[in-house]
Structures are given as structure tokens and as C-alpha cells.
Amino acid sequence: MTSRPTVRVRFAPSPTGLLHVGNARTALFNWLFARQEKGANILRIEDTDVERSEARHETQLIEDLRWLGMDWDEGPDVGGNLGPYRQSDRMEIYHRYAEQLLDEHKAYLCFCTAEELERERKHAAEQHLPQVYSGKCRALDPGEGKRRRAGGEPAAIRLKIPEHPIRFHDIVRGDVTFESESVSDPIIVRSSGMPVYNYVVVVDDALMKITHVIRGDDHLSNTPKQVALYEALGFAVPEFAHLSTILGPDRERLSKRHGATSIAQFREMGILPEALVNYLALLGWAPTGGTRETFTLKELIKEFSLERVTPSPAIFDFEKLYWLNRHYLKSADQQRVATLSLPYFQAARLVSENPGADEQEWLNKIIGLLVPYVNRLDEISEKSNFLFRYDAQTAIAKEDNRPLLQSEAGQKVVAAFAKKVQASSNGFSAESFKSIINEVKNETGTKGKDLFHPVRIVVTGSHSGPDFDRVIPLIETGSRLVLPQHVMSVRERVSAFQSAWGRP
RNA sequence: GGCGCUAUCGUCUAGGGGUUAGGACGGAAGAUUCUCAAUCUUCAAACCCGGGUUCGAUUCCCGGUAGCGCUACCA
């Protein structure tokens, strides 16, 4: 058996904002690959952009990744032998290697000003030529350069791109080639002394012994520069896997204006992590056979394959995410769903801050009843409006209720039903309510929709909704609880409806 | 402008030189339920265009077109 080096991958986000679905998908594919290969997953924080990086974003990032079910073997919070894992703590390393490249004449000092470079670019554009740096400062004598720099002249450090074409292998796209002429000598350290992303990423990946660089395809065009850097530094070039972009319905890169895009937002919406992970996995990857749709993380580790990742960009489809969410909601543990739902009721001030046992039990039943009706848990309090926000006026005024209420049969049913309810002195159970319905049925000679629609409107405000058998006990129990918002009993509803009906 | 990547139902995708081009979301119809949702059944829906290679291309090659990305002393 030939021993292969252990797989080491990394996810390297910038802590400049919330974790976005695109990055989350990159994190997921890295993690799946690492776990499948029994390799190491590394978290590295790319905070060289001091202006935009914030510690709270790093904390949030870690929280979001863990929420999704991911973990890592090395990282700023868990340590590791090849750290530090924050770029801001690695400046010395970057400078050391930059000076080394300079000494070996693989890089050179560049004294060109921003204006000069701008002029060059303009000129290139006019001539329909690739916009690459002219290489003017390449010709400078290195000793002379160092003297000028020592004298205080601002100088950036540029890498010499080799004359030969740059090729590399990408697991999802195959072999990729860039002609040398189309690749500019990249700046690796700014004249301010701050190293540049394309450079530090190579130093870090090499030093952290990353074997597979799995990242977004917005980095594909940067890869030749990075490959040249690996070679100049004398490091082995890793395998690459560039993941396609996630787009919005308008085929533009998915962004805030398409709706929710951050993991935190999806969590707040009441999307289950297993649903999101499953959806993300299916965005750009399909299992052998291509017919299976639902996977747990464990199953994904088994089935996932980088070779089967599709190179074409994918449009984010909220409907399919919702379908998966409904799927997982249905089979999720009842208690867990209840716990996750409670905050939505509390935010709407429908239930107590610290519900007692009776209230909790009642609420759990409501949640159990309504979960099959929602795409996301944050819809659940609105779905319970028939309980908490019954209003006779609006029920009567509602467009799709009116024809029913005004029909002869409808009026007959409402009248008979109201009379029966008012005549009964006690509250209702599912059974006693059913017998009233039966009496109304016999008296009015109506059945089916003609019978149930008007009754539903009177009791719940809407002609459609969950089973009466489950709704009636919830209404009656609720009416006896002390809640921030009183839940009207069936009798109360009927009288309210009657008096509202009385004055047109 | 230059360079790169991409191209199968509306969407996510499977497939692959000869197939009734498969699955899923969404849509439509039906069954079921008092209604709605759920569930089940059925249906509609696709190989970007043009050349080549080949007995035969949706599949392989080339070109076009379109979309996206990079083209920074951003990451």
C-alpha cells in the first residue's frame, strides 16, 4: 500500500460580516472532504484587512459553522501545531518569505506610482491588450532598489511571473492553463508593508501543509499567480477545487437584495440546520445515480465526492430549501421543535415569558398542529392567528368569506349554529362540538362545505384550517388560561360574530 | 477591452456516441379529508446556436452566443 500524505483542507473566511451561504457551502464541502478522507479540517481567519475585520464577526462565524454541524481540528479557538491561525498574527512570517524571494531575485521592488500604473492600464485597454504590468521595475538593479527603499522611497514587492504557461489541476474543472503574457507580476507586499491576500494565502496554505484548496471560483483567475508563488517559494503545489458561484433568480451573484443570504438569517427564520446543510450539499453536487435528495451529515460524509461537484453556477431556490425544511420539521423531535418555536410566540407576545406547565402543554399541542403548515418556523405564530387573533369584524369583511355568509344556506347554518352554541351552557369538547354540528346538519339539511365553511368562519375567521377535532379543544383550553392575550372561547366567538353580523 | 470558467425541463441535477433523456423542487389534474395543509397517483416541461468527426451526435472537437468571474498597492 502506498502511503498518501494525509489530506489537509482549510476554510479561510474573512471576519468582515456574517457567514454567507456561498461560504457556508465552501466550508461544508471542505469539511465533508476532510471527514471522508479522515484528514484534517483547518479554520483560518483571514483578517489582514484590519479596517473591515472585527472580532465579533469571528465569534459569529464560529457559532454559525458549529450550528451547521461543522467542526475543525485546528483553528484560532482550538489551537494546533501549525498556527497561529489568524493572519494578523503571522505578519512576521510573510515578511520573512517576501525578503527571501527578494534575495533570490524571484521578486523585485517596484517603485511605480499609482498614476503610472493607471496610465499603463488605460493604454493597454485602448490597444486591446491584456492589462498586465509592464515589468518596468523588473529591470532595476536589485542592489540599487534596496538602497532606494532604505532611503525611504516607497516600494512594493512584486513577484516575477515565469515566462512559461502556468498550468494547474482543478478537481472540478480539469486542467487549466494560463499563458504567461496574460498574468501580471503580482504585488505581494504593498508599499505600506502590508502583504497582499494572494501572497499570504499561499504562504499560509503551504506552511499549514494544505493538500487540497477548496474554495469559490472567484479565485480561479488568481490561481496562476498563486501557483507561481508556490513554485518561487519552493513549495509543492496543492490540488485545487473551485466551486461555482451561487446566483440569485436573476442570475446575478446571490446577495442581500435577493432576500436572506446569511446563515444567521436562516436560523432566525426557523430553518433547521440539517435542512440548510442538505440543501447546500445539493447545490452543485449530486450523488451517484442522481435520484436521492435527502441526506444527513453522516450520509453526506459517506456519499460526497469532490469529483462529482458540478462546475456550472447554481441559482439558489428558496422553494426547495423550504421543502427540505418541511421534510426535516416533520420528522424532528417534538420537544426540539417546540423549544425552537417558543421564541416566535413570545416575540409576538402571545404567550408568557415563563409559561407554566399548563400553558406549555397547550402550546406544544398548537405547535404540533401547525408545524405541518409551515415552511419555516417563523411562520408559526401567524398560522396560529385563528386562535389568538380572532376578530368577527374582519371575518365578516373578508373577501373570500362574504359570498358564503351571504348565501341562503350559509345564513341558515350560521343562525342554527349560533343558537345551538348559545343554548349550551358548558364549554366544548371535540365530541360535544361534533354533536352540535350534527344537529345543525340535520336541521338545515346541509352537509360538506356548505355546512363546514360557515361554521369555520364563525369559529376561526377563515373557511379553511386544521381539523375541528384538534382546533376546538385548543380554543377551549386556551380560553381558560391566563395569557398576555385572551383567547376567546367558542361561545365568546359566536356572540361576537352575532353582534357584528347584526350591524352590517 | 483582455484572460478564464460555464451551458440538459422555470429551478437543482442524473446520464451519456444509438436511451421512451431519469430524479427532485415548483406547476397542473385527480384521490383522500368537513375545508386548507400534509399524503398518494397521474400529467406537462429540457439537451443554447452553427460547423466538424462519425454509419449515427444532446454526448467528442472547433467556432459563435449568452451568463458569471478575474483584470487593484480588496479579500
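For the first sequence, the working numbering gives the first residue as 402, with consecutive numbering after it. Virtual Cβ for every residue (Gly too), placed ideally from N, Cα, C. Since the structure is predicted, the reported quantities are computational estimates derived from the model, not experimental observations.
Can you tell me where the beta strand (DSSP E) with residue i in it begins and where it stops?
| i | result |
| --- | --- |
| Y509 | 508-511 |
| R559 | 557-560 |
| H570 | 567-571 |
| V410 | 409-412 |
| F579 | 575-579 |
| V590 | 588-590 |
Distance, Cα to Cα, residue i vs residue j?
| i | j | result |
| --- | --- | --- |
| D792 | R727 | 29 Å |
| Q886 | F829 | 21 Å |
| H524 | S706 | 46 Å |
| T646 | K626 | 21 Å |
| A819 | T460 | 58 Å |
| P414 | V422 | 12 Å |
| R892 | R881 | 12 Å |
| R445 | F430 | 16 Å |
| G440 | V410 | 8 Å |
| S494 | A637 | Going by the sequence as given, residue 494 is Ile instead of Ser. Near 18 Å, if we compare the C-alpha coordinates of A637 and I494. |
| T449 | D619 | 19 Å |
| D472 | Y729 | 22 Å |
| C513 | E582 | 20 Å |
| H643 | V628 | 14 Å |
| I572 | I664 | 27 Å |
| K813 | L743 | 40 Å |
| P905 | L469 | The predicted model places P905 with a pLDDT of 48, which falls under 50 and marks its position as unreliable; any figure quoted below should be read in that light. If you take the alpha carbons of P905 and L469, they lie about 54 Å apart. |
| V451 | L771 | 47 Å |
| R709 | V603 | 26 Å |
| W724 | D718 | 10 Å |
| E580 | L630 | 16 Å |
| S622 | K799 | 57 Å |
Could you give the C-beta distance for residue i and residue j, rounded to a whole number, given that I count them as a contact under 8 Å?
| i | j | result |
| --- | --- | --- |
| S592 | P555 | 4 Å |
| Q823 | V895 | 6 Å |
| T662 | G685 | That belief does not hold up - the Cβ atoms of T662 and G685 are roughly 16 Å apart, past 8 Å. |
| L701 | A682 | 5 Å |
| F787 | G862 | 6 Å |
Can you tell me where the alpha helix (DSSP H) with residue i in it begins and where it stops?
| i | result |
| --- | --- |
| I702 | 698-704 |
| I615 | Where I615 is concerned, there is no enclosing alpha helix (DSSP H), although the beta strand (DSSP E) it sits in stretches over 613-617. |
| K640 | According to the sequence provided, residue 640 is Glu. The question's Lys does not apply to it. Looking at the DSSP string, E640 is not in any alpha helix (DSSP H); the run it does join, the beta strand (DSSP E), is 640-644. |
| V752 | First-last for V752: undefined, no H or E at that position. |
| M492 | 492-504 |
Pull the bridge partners of residue i from the DSSP assignment, please.
| i | result |
| --- | --- |
| E475 | I443 |
| S663 | H421 |
| W686 | V710 |
| V603 | Per DSSP, none; premise fails for V603. |
| R487 | I446 |
In terms of alpha-carbon separation, which member of the options lies closest to residue i?
| i | options | result |
| --- | --- | --- |
| Y924 | L725, V775, G757 | No statement about residue 924 is possible, as the shown extent of the chain runs from 402 to 905 and does not include it. |
| P587 | T514, I463, L560, I494 | L560 |
| F789 | A810, R436, A637, I767 | I767 |
| I611 | V408, S825, G879 | V408 |
| A733 | A810, A676, V602 | A676 |
I'd like to confirm something about residue i: is its beta-carbon nearer than 7 Å to some heavy atom of the ligand MG, or not?
| i | result |
| --- | --- |
| E704 | This structure does not include the ligand MG; it has no bound ligands of any sort. |
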